[in-house]
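Q: Before we start, here is the structure in question, set down as structure tokens.
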Amino acid sequence: MNRLALSFLALSLPLAACGGGDSDADTVQETGAPESAIGQMMQGVDAMRGMAEQAEEMQNTQPAEPVNHRVLLEMLPDEAAGMPQTETEGQSQNMGAFALSTREATYADSTGDSQLTITVADYGAFPAIGMFGLGWTMVDMDKETSTGYERTITYQGHRGYRKYDTESRRGELSALIEGRYHVQVSGRDVDDEQLEAALQSVDTRRLASMKDEGRPSA
1 MNRLALSFLA LSLPLAACGG GDSDADTVQE TGAPESAIGQ MMQGVDAMRG MAEQAEEMQN
61 TQPAEPVNHR VLLEMLPDEA AGMPQTETEG QSQNMGAFAL STREATYADS TGDSQLTITV
121 ADYGAFPAIG MFGLGWTMVD MDKETSTGYE RTITYQGHRG YRKYDTESRR GELSALIEGR
181 YHVQVSGRDV DDEQLEAALQ SVDTRRLASM KDEGRPSA
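Numbering of the sequence shown is given in the working numbering, commencing with residue 1 and proceeding in unit increments.
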């Protein structure tokens, strides 16, 4: 095993792998943290194995040029959770070794009180940003308060995260598609079911099929 993989092993005991789950599932499946010591130990073993494999794969994978933000727009729906799209904004940036494309769309009801924002970001030029810049990609969590929760999830076999507060009716639902495309849904004055419906309206399967888009041929 190479040095990079060993470094990941040293960091990965409490961590969870980014993949797994039912790749055909269009529902959000919560993972949470194991309650028993044995469960936590087994999760650690699985995490070590998964992170080592990801480390080797990352080392052997060429960076990809992010797709143009106009392509990301094609993944976003005209309507999300019954709300029409009201505006959209995107940009593609290239700063030497660092490149990033993002596209954002806003959805609102007729009163303007309820609002959803869907953002898609392409980390293809440097996938480690997605992996290490999003803590929930590496650790299972299940936190609950009197008014809300934070939990890790899987969606279509991809790692994700959700949080919601029943008092403010604000929340967030995210998924990292193929370790490259970060899809984030945030909302105000919405139910958590609306956040899930909005995520389901994004063409994440097409994003998954584009995991090697812009990557140099071997």
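Built from N, CA and C at the ideal position, the CB exists for glycine as well.
A quick note: this is a predicted structure, and the numbers were derived from the prediction, not measured.
Under the DSSP definition of a beta bridge, which residues are partnered with residue 163?
A: Bridge partners of residue 163: 150 and 172.
Q: Counting only the same chain and skipping the five closest in sequence on each side, list residues whose C-beta sits under 8 Å from that of residue 136.
A: So the qualifying residues of the chain are 152, 159, 160, 161 and 174.
Q: Over what stretch of residues does the beta strand (DSSP E) that includes residue 208 continue unbroken?
A: No beta strand (DSSP E) contains residue 208, which is instead part of the alpha helix (DSSP H) from 204–209.
Q: Is residue 111 near the ligand NAP, judged by its Cβ being under 8 Å from some heavy atom?
A: In the structure shown, the ligand NAP is absent, as is every other ligand, since no ligand is present at all.
Q: When DSSP labels each residue in this structure, what does residue 183 get in the three-state scheme?
A: Here residue 183 sits in strand by DSSP.
Q: Going by beta-carbon coordinates alone, are residue 182 and residue 99 separated by less than 9 Å?
A: No, the Cβ-Cβ distance between residue 182 and residue 99 is not below 9 Å.
Q: Let me confirm a value: residue 143 is counted as buried when at least 16 other C-beta atoms fall within 10 Å, else exposed. Which label applies?
A: That one is exposed.
Q: Ignore the nearest five residues each way along the sequence and tell me which others in residue 73's own chain have a CB closer than 8 Å to its CB.
A: Closer than 8 Å at the Cβ level, and outside the excluded window around residue 73, lie 88, 90, 103 and 105.
Q: Which class does residue 79 belong to by DSSP, given the choice of helix, strand or coil?
A: In the structure shown, residue 79 sits in a strand (DSSP, three-state: E or B).
Q: How is residue 215 classed by DSSP in three states: helix, strand or coil?
A: Three-state result, residue 215: coil.
Q: Which one of 148, 168, 125 and 154 has the shortest CA to CA distance from residue 213?
A: If we check each option's Cα against that of residue 213, 125 comes out closest.
Q: Using the C-alpha atoms, what's the distance from residue 149 back to residue 141?
A: Each residue's alpha carbon lies about 10 Å from the other.
Q: Looking at the structure shown, is residue 156 part of a helix, part of a strand, or coil, going by DSSP?
A: If DSSP states are grouped into helix, strand and coil, residue 156 belongs with coil.
Q: Straight-line CA distance for residue 177 to residue 204?
A: Distance between the alpha carbons of residue 177 and residue 204 is about 7 Å.
Q: Taking Cβ positions, are residue 202 and residue 170 nearer each other than 9 Å?
A: No, the Cβ-Cβ distance between residue 202 and residue 170 is not below 9 Å.
Q: Is it buried or exposed for residue 206, if we count other Cβ within 10 angstroms and need 16 for buried?
A: Flag for residue 206 reads exposed.
Q: Would residue 117 and residue 179 qualify as a contact pair, given that the criterion is a beta-carbon distance under 9 Å?
A: No, the Cβ-Cβ distance between residue 117 and residue 179 is not below 9 Å.
Q: Can you list, in chain order, the residues of its chain with a C-beta nearer than 6 Å to that of residue 114? Leave out the 5 residues immediately preceding and following it.
A: 189 and 190.
Q: Would you mind sorting residue 101 into buried or exposed? The rule is 16 or more other CB atoms within 10 Å of its CB.
A: By the 10 Å Cβ count, residue 101 comes out buried.
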